[in-house]
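Asks: Mind looking over this structure? Questions follow.
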Amino acid sequence: MKDTMTDRDAVYATLCRLLEELFEIDPAQVTPETTFQELDIDSIDAVDLVVRLHDLIGKRIPPDDFRQIRTVGDVVDVVQRLSRP
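For what it's worth, the numbering used here labels the leading residue of the sequence shown as 336, then goes sequentially.
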């Protein structure tokens, strides 16, 4: 999975799948502009998501990046950046 995490579409698809698995969110309701507030994801839920992403990409999302995340697209950007060699 780590090799595909540099492709934006693959990151987005993986994130949508995680949102569905962890929080039962219909992927059809998710766009890159969707905020976590709109998805009713609180800070504890966000930590669960970050832990799963860490497992997938093998890298920790830095606290400064984590605090800046507001939308699904923000997560895609961070994961993509951290996955680059």
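For each residue, glycine too, the CB sits at the ideal point set by N, CA and C.
Being a predicted model, the structure only gives us computed values, none of them experimental.
Would you grab the beta carbon distance between Glu-355 and Gly-408 for me? Rounded to a whole angstrom, and I think it's under 8 Å.
Replies: Along the sequence shown, one-based indexing puts residue 355 at 20. Along the sequence shown, one-based indexing puts residue 408 at 73. No, Glu-355 and Gly-408 are not in contact; Cβ-Cβ is about 17 Å, not under 8 Å.
Asks: Under three-state DSSP, which class holds Thr-366?
Replies: Here residue 366 refers to the residue found at position 31 when the sequence shown is read from its first residue. Looking at Thr-366 - three-state DSSP - the assignment turns out to be coil, as it is neither helix nor strand.
Asks: Measure the CB-CB distance between Arg-352 and Gln-415 and report whether it falls below 8 Å.
Replies: For the purposes of this step, residue 352 is taken as the residue at position 17 of the sequence shown. For the purposes of this step, residue 415 is taken as the residue at position 80 of the sequence shown. No, the pair does not count as a contact, with Cβ atoms beyond the cut-off.
Asks: Have a look at Asp-400 and Leu-384 and give me their C-alpha separation to the nearest angstrom.
Replies: Working through the sequence shown from its first residue, we reach residue 400 at position 65. Working through the sequence shown from its first residue, we reach residue 384 at position 49. Cα to Cα, the separation comes out at about 14 Å.
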